[in-house]
Amino acid sequence: MSLEQAKSLVLTLLVLLSFMLTWGLWTYQPQYETLDDRAYLQEVIIGDKRSLVDILQPELVIFHENKEHYGLRDPEVFQAFAESVSEWKLKSVEDVSDSISSVGISSFIRQDNSVEFVFLADIPGQLFAEAFEIDDEIVIEQVDRMLLKWPNQTQDKVAIYLISSAQESVLKTTFATNGIDYLANYRANVSEYPKYFGHKIDENKYTYLPVSHLSVPKLTYSAQLISPIEFKNALFNNPSSVKQFTSDTGERTFTNSSSALEVFQNEMMMRYINPVNKQTSEMTSSDVIYSGIEFMNDHSGWTDNYRIDNYDHPTQTINYRMIVGELPVFDLKNITDHVLIEQKVRNGMVYEYTRSLINLRFKLENGRVQVDVPSGYDVLRAISSEIPNFDETKLENITIGYEFDPVGNQTAVIQFNPVWFIQYNGLWRKVQIEEDSSEQGGSVIGLEQNQDNFYFNVSHP
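According to numbering that gives the first Met the number 0, the stretch in the sequence shown is residues 0 to 460, in order.
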């Protein structure tokens, strides 16, 4: 082979090699490892985590003894019951609705030797199965109260009843008598608790109201605003990629390519929006609420005490209400409610989350005074006689609660004033009761609502 032929061969080989290398570069696809978004997540602790039992705490505990009804607001009663049940796994559940219908649910519940847990809202029955580890499927859709009945001398187990007043449904299960030994001290002291009477709201629902005036503390708390940056770091998968925009009014929005965190009302409120595909599978009410609680626990979002206030299944919307001093809190002065946490769920994911950024810090003892809250009879007299065109079928609830009242329109100090509230025609309204300074004495009762701002007055001795 001549020198020229050898050069041509080498050149040809180099051209072929170059072509092969170029083709390899064009077609090469490296096998990258998939990066889990959760690798970005940081452990951000904003508040606390809550158990299902914490969120299911009843509003009121009623002891039925000696033809009287005694009320107590103490979370330890229900907490101790839940702990006892966890040690005695509940197994069989029996539907006893038909056997109780002959006497009526309200009459059955108010029989002696029993304790009743009254909940702030209707709770999906299956949540109780999960909270108390009941093996059987709970066939009752909503539960608004739970009843414990002490056994007679021929029985050795305590009967537990899950009750839906609206459905007129009652489920029964039992567990060992020593599981509620802790209640003996409460029963021994029932005469020290305020007496209550049952008031029928409609055909299938009733409530308990105090027979006499109650002395309830007016509370004052210091408070602070939670930085929205904490929620940005907790709710976005990759906080470093989140951009901030400020509107002409000074309101901030944090956003990435898919989610947004809006901060408004002088940075006292926030709304997190994380779009989710249209509903692809039907979820039970208990699954939706459980998803909401898990979402809160994932970022330790329980900054104060909250309990389930309302659940709307068609829209899968959950509302949690702030609880202070074991009383529900209401904010009727502001367009945006500072005492509710609202979640909207789809496909098991929270896609909208609205809440206050106000966080209570500690109680100011020098701001504590006792307020004389009128009896249930006083409130019923005022409501029934003075609401224009009063329609008792529109009265949904009556309760003592705290009014949320920032001092001087600021958030550094919050006052909580105990007053009566009613839920009428879908709206919560405050029943105002003021001492009458006239020579005849007595008091003035009025009704205020945050929508119409109407008042009425009635004097009584």
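For each residue, glycine too, the CB sits at the ideal point set by N, CA and C.
Identity of the residue in the options nearest residue i by Cα
i: F62; options: Q110, Q56, S98; result: Q110
i: F226; options: V210, P274, V215, L260; result: Before going on, a small fix: residue 226 reads as Ser here, not Phe. S226 has its Cα closest to that of L260, out of V210, P274, V215, L260.
i: D336; options: R320, E364, T219, W149; result: R320
i: K48; options: K156, M295, Q431, V338; result: M295
i: N273; options: D53, F80, V344; result: V344
i: P417; options: F329, K393, L363, I159; result: F329
i: I386; options: N408, E364, Y376, Y423; result: Y423
i: I421; options: N265, I413, L379; result: L379
i: L394; options: H198, N265, V76; result: H198
i: R428; options: V406, I413, G400; result: G400
i: I171; options: E64, L146, L182, S190; result: A small correction: the amino acid at residue 171 is Lys; Ile does not occupy that position in the sequence shown. Taking only the C-alpha atoms, the option nearest K171 is L146.
i: W419; options: T398, D404, G324, V157; result: T398
i: K277; options: P209, W301, M348; result: M348
i: S98; options: E167, F116, I54, A130; result: E167
i: A233; options: G300, I133, G375; result: G300
i: L331; options: N318, E402, Y220, E391; result: E402
i: E341; options: Y271, F230, G324, F415; result: Y271
i: D303; options: T353, L161, Q409, V323; result: V323
i: T314; options: N346, E293, D297, N396; result: N346
i: I159; options: I108, I45, N388, D390; result: I108
i: Q264; options: R354, Q431, V368; result: R354
i: S96; options: L161, Y310, L55, N65; result: L161
i: V84; options: T316, A130, T252, K66; result: A130
i: Y350; options: S100, S190, T173, S257; result: S257
i: F408; options: N396, T252, N333; result: Per the sequence shown, the amino acid found at residue 408 is Asn instead of Phe. Among N396, T252, N333, the Cα nearest to that of N408 is on N333.
i: S106; options: F116, K66, V76; result: K66
Helix, strand or coil at residue i [DSSP, three-state]
i: A259; result: strand
i: L182; result: helix
i: L234; result: helix
i: P405; result: strand
i: V76; result: helix
i: T392; result: helix
i: I228; result: helix
i: G249; result: coil
i: R345; result: strand
i: D330; result: coil
i: Y39; result: Low per-residue confidence applies at Y39: pLDDT is 45, beneath 50, and the placement is therefore not dependable enough to give any value.
i: V60; result: strand
i: E438; result: Its pLDDT being 33, under 50, E438 is placed unreliably in this model, and the coordinates cannot settle the point.
i: I322; result: strand
i: A411; result: coil
i: L356; result: coil
i: L426; result: strand
i: L119; result: strand
i: D47; result: strand
i: S113; result: strand
i: I99; result: helix
i: T33; result: In this predicted model, T33 has a pLDDT of only 37, less than 50, meaning its place in the structure is not dependable; the value taken from the coordinates is given anyway. Reduced to three states, the DSSP call for T33 is coil.
i: I397; result: strand
i: V378; result: helix
Contact belief for residue i with residue j at Cβ below 8 Å, rounded distance in angstroms
i: I139; j: S113; result: The Cβ separation is near 19 Å, so there is no contact.
i: M466; j: L224; result: Since the first residue shown for the chain is 0 and the last is 460, residue 466 is missing from the structure and cannot be characterised.
i: G70; j: P216; result: Contact flag wrong, Cβ pair sits at about 17 Å.
i: N358; j: A222; result: 6 Å
i: I104; j: V169; result: 7 Å
i: D308; j: L339; result: 7 Å
i: L363; j: Y220; result: 7 Å
i: R72; j: E250; result: Actually they are not in contact, since the Cβ atoms of R72 and E250 sit about 39 Å apart, beyond 8 Å.
i: S374; j: P150; result: So it is not a contact: roughly 34 Å between Cβ atoms.
i: V92; j: I133; result: 6 Å
i: F415; j: L213; result: Wrong, their Cβ atoms sit about 15 Å apart, outside the cutoff.
Residue-chain proximity (residue i, chain B), Cβ-Cβ < 8 Å
i: S106; result: Absent here is chain B; the protein component of the structure consists of one chain.
Practice prompt. Take every Cβ of the segment 117-130, pair it with every Cβ of the segment 268-288, and state whether three or more of those distances are shorter than 8 Å.
Written response: At 8 Å Cβ cutoff, the stretches touch.
Worksheet item: Can at least three beta-carbon pairs, one atom from the segment 198-210 and one from the segment 238-249, be found at a separation below 8 Å?
Response: Result no; under three Cβ-Cβ pairs closer than 8 Å.
Discussion item. Please give the ranges of any beta strand (DSSP E) in the segment 155-217, keeping only runs that are unbroken, at least 3 residues long and fully inside the region.
Written reply: Listed in chain order, they are 156-163, 168-175, 195-201, 204-209.
Item to complete: Report yes or no: do three or more beta-carbon pairs, one from the segment 49-59 and one from the segment 231-242, lie closer than 8 Å?
Response: Contact fails between the segment 49-59 and the segment 231-242, because fewer than three Cβ pairs, one in each stretch, are under 8 Å apart.
Worksheet item: At which residue ranges does the segment 121-152 contain complete alpha helix (DSSP H) runs of 4 or more residues, listed in the order of the chain?
Response: Here the runs fully enclosed are 124-130.
Worksheet item: If we count Cβ pairs, one from each stretch, closer than 8 Å, do we get three or more for the segment 139-149 versus the segment 116-123?
Response: Yes: at least three Cβ pairs fall under 8 Å.
Fill in: Within the segment 264-299, ranges of the alpha helix (DSSP H) (whole runs, at least 4 residues)
Complete alpha helix (DSSP H) runs here, min 4: 284-297.
Worksheet entry | Three or more C-beta pairs below 8 Å linking the segment 71-84 and the segment 178-188 | Touching, yes.
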